[in-house]
Amino acid sequence: MKKHNFNAGPSILPAEAIENTAKAVRDLNGTGMSILEISHRSKDFQAIMDEAVALFKDNLNIPEEYKVLFLGGGASLQFCMIPFNLLEKKGAYLDTGVWAKKALKEAQLFGEVVNVASSSDKNYSYLPKNYNIPTDADYFHITTNNTIYGTEIREDINCPIPLIADMSSDILSRPVDVSKYSMIYGGAQKNLGPAGVTFVIIKEDILGKVTRKIPTMLDYRTHIKEGSMFNTPPCLPIFTCLETLKWIKKIGGVQKIQEMNQAKGKLLYDEIERNPMFKGTVAKEDRSLMNICFIMEDKYKDLEANFMDYTKELGMVGLKGHRSVGGFRASTYNALPIESVKALVDAMKEFETKYA
Ligand SMILES: *Cc1c(COP(=O)(O)O)cnc(C)c1O
């Protein structure tokens, strides 16, 4: 039985991206060779890289002057590369969860860091508002989607200094005004491809301003100059990213993806609100369309394990909430079909008729 995959990451990918990757592992476009055994310097792979960059730009409407890179090391390596390359006077960070905090912690190794605002007082169940971005900082770092807690900054904020966004878990889930950011980055394994590749969208003019020496491999300018091929890139994950980007384009682009995500979100959030057994864990206006967190009402708390078992029987996986929130987390990434959300909502209704 095909599972309903609610995993938080690595997570569900479009079926055809997986199918086409499997084909390319056996035989890449009739070349008689596997994608696993060709040179990254070959024209076949160069074409894959070029098309992935071009389609990323096309799908997200990325302006001319931005570079798109595919690197290794995950979003977590970016936490250190960002301050290494960009922090001279100070870095400003918005503390909206575990990942945001990790980025902030890494920056402290390189200089002064301002924690502009934090929602840690309420276990990151809301987004800080009305904060002041220090205009003398080198950049302001935000995490647009807080994967663990289920909050999401869904508008492109106005920022007087270079804005840097970790979009690991909401990239390509909605149209983005890229021109408002100096850099957007993330691990691919939530919404774009398999683990092992990191995307970086960067405006070159923010680079070259720090006085410290930067190791070659950690310098964005190296990867820009070499077209993400300074060393061997993660070839297979990049291939799958390309297939996902093709799928997005084919079904109608990020505009259509956003509509689909809104429909899925509405379906599940409406049920969480309606069903007397469940309740959401975050402020309504800050709710994520990618990771939908909910728990059981106190009265039904001891039925949580039962509900988890019940959803498992129905072929649903990945619904367990992160240990720091508890309860349930349904990750409803781009590739998750609405049928899976319907199945979950039906399970919640069924549970209500049995126990409420
Ligand atoms: C998963 C995740 C990360 C960590 O990504 P890695 O590629 O594993 O380093 C960072 N930020 C956010 C928002 C995430 O969801």
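For the numbering used here, count along the sequence shown from 1 and bump the result up by 30. Every residue, glycine too, gets a C-beta built ideally from N, C-alpha and C.
| Query | Result |
| --- | --- |
| How would you label Tyr211, buried or exposed, when you count the other beta carbons within 10 angstroms and need 16 or more for buried? | buried |
| Pick helix, strand or coil for Lys181, following the three-state DSSP scheme. | The question names Lys, yet the displayed sequence has Thr at residue 181. Three-state result, Thr181: strand. |
| Which same chain residues, not among the five before or five after Ile214, have their C-beta less than 6 Å away from its C-beta? | Ala195, Met197 and Ile231 |
| Assuming Thr262 and Leu319 make a contact with CB atoms under 8 Å, what is their CB distance in whole Å? | Wrong, their Cβ atoms sit about 35 Å apart, outside the cutoff. |
| Can you tell me the Cα-Cα spacing of Gly345 and Asp339, whole angstroms? | 10 Å |
| Contact defined as beta carbons within less than 8 Å: I believe Gly104 pairs with Thr270. What is the distance between those atoms, to the nearest angstrom? | With a Cβ gap of about 16 Å, Gly104 and Thr270 do not count as contacting. |
| Quick one: using the 10 Å Cβ neighbour count with 16 as the cut-off for buried, is Leu134 buried or exposed? | buried |
| Check Asn175 in the structure and name its three-state DSSP category. | strand |
| Taking Gln219 as the reference, which of Asp300, Asn37 and Ala84 has the closest Cα? | Asn37 |
| Check Ser72 in the structure and name its three-state DSSP category. | coil |
| Go ahead and pull the three-state DSSP assignment for Tyr385. | helix |
| To the nearest angstrom, how far is the alpha carbon of Arg283 from that of Thr274? | The question names Arg, but residue 283 in the sequence shown is Gly. In a straight line, the C-alpha of Gly283 is about 11 Å away from that of Thr274. |
| What residue does the beta strand (DSSP E) around Arg56 start on, and which one ends it? | Looking at the DSSP string, Arg56 is not in any beta strand (DSSP E); the run it does join, the alpha helix (DSSP H), is Ala45 to Arg56. |
| His352 bridges to which residues according to DSSP? | His352 pairs with nothing; no bridge assigned. |
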